[in-house]
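Engineer:
Residue numbers (the working numbering): 134 to 252.
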């Protein structure tokens, strides 16, 4: 009978030790999970940042494409103006040559009339 309280105290001590071990195990797991959660949060933030950068990059790409299209249109217009200017220059040169011929013809005609008047 004297061993019974001793045995009950021993069982209570074992139960308390088992509960303490269980609490420590739960604490360790909680800490591990908290660390894992922190790592996952950091990874999520990094992924969000990469996604933001990708979106910004895509937006800049769209802006660059639009600007390229705009510049290509301006270049085409400039080329057309260059062609038109060249055509105008050729036409002006032809007009100059025609005017020069007319002046020469007029000078010849004046000379001819002057010669006939002298006769």
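Idealized CB from N, CA, C, for every residue including glycine.
Values in this document were obtained by computation on a predicted structure and should not be read as measured data.
Quick one: does residue 166 have its CB under 8 Å from some CB of chain C?
Structural biologist: As a matter of chain content, chain C is missing from the structure shown, which is built from one protein chain.
Engineer: Could you compute how far the alpha carbon of residue 235 sits from the alpha carbon of residue 211?
Structural biologist: So the two alpha carbons sit approximately 35 Å from each other.
Engineer: Since residue 140 is in the alpha helix (DSSP H), which residue starts that stretch and which ends it?
Structural biologist: Its alpha helix (DSSP H) spans residues 136-251.
Engineer: What does a CB cutoff of less than 7 Å around residue 214 pick up in its chain, not counting 5 residues either side in sequence?
Structural biologist: Excluding sequence neighbours, residue 214 sits near nothing in its chain.
Engineer: Can you give me the C-alpha to C-alpha distance between residue 242 and residue 228, rounded to a whole angstrom?
Structural biologist: Spanning the two alpha carbons is a distance of roughly 21 Å.
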